[in-house]
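Have a look at the structure below, then the notes.
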Amino acid sequence: MDSEHLIQNNIRVALSEHGCMVFRTNTGKVKTIDGRWFDTGLPRGFPDLCGFRKYDGKMFFIEVKNAIGKRRPDQIKFAEIIHDCPVLYGVARSVEDAVKIIEQ
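When the letters of the sequence shown are read in order and numbered with this note's numbering, they come out as residues 6 to 109.
See the structure below:
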């Protein structure tokens with residue numbers, strides 16, 4: 006079974022080849038070497054990948070999971086919040102899933 010990290014990287018390459026600008030997102034806080042906390046600024050539950058189709062500017066958000074991965078409650082909540090927004094959203098377990106999401 007492929008790791009989510011590998012699936013995510015493969016998706017980033019494939020979507021770039023499909024005319025998309027793709028960004029990997031990181032959420033959470035980490036402690037810096039000098040003891041300060043660094044917050045990514047993104048809310049909990051924000052999808053792993055986001056970006057837009059270069060040909061029309063349509064935004065997309067993709068949560069990447071492996072074959073057995075499940076979304077956390079905060080990830081489900083994010084999907085609910087953007088459900089009625091004019092953006093594309095989906096869970097991808099493969100490159101093929103991600104391509105289907107951006108082709109909606």
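For each residue, glycine too, the CB sits at the ideal point set by N, CA and C. If you're wondering where the values come from, they're calculated on a predicted model, not measured in any experiment.
> Straight-line CA distance for N15 to Q80?
Replying inline: The alpha-carbon of N15 is positioned some 21 Å away from that of Q80.
>> By the DSSP assignment, the beta strand (DSSP E) with L93 in it spans what residues?
In response: L93 to A97
> How should A103 be labelled, buried or exposed, when 16 other C-beta atoms within 10 angstroms of its C-beta is the threshold for buried?
Replying inline: buried
> In whole angstroms, what is the alpha-carbon distance linking N31 and D53?
Replying inline: 7 Å
>> Which of the three DSSP states is assigned to D102 in this structure?
In response: helix
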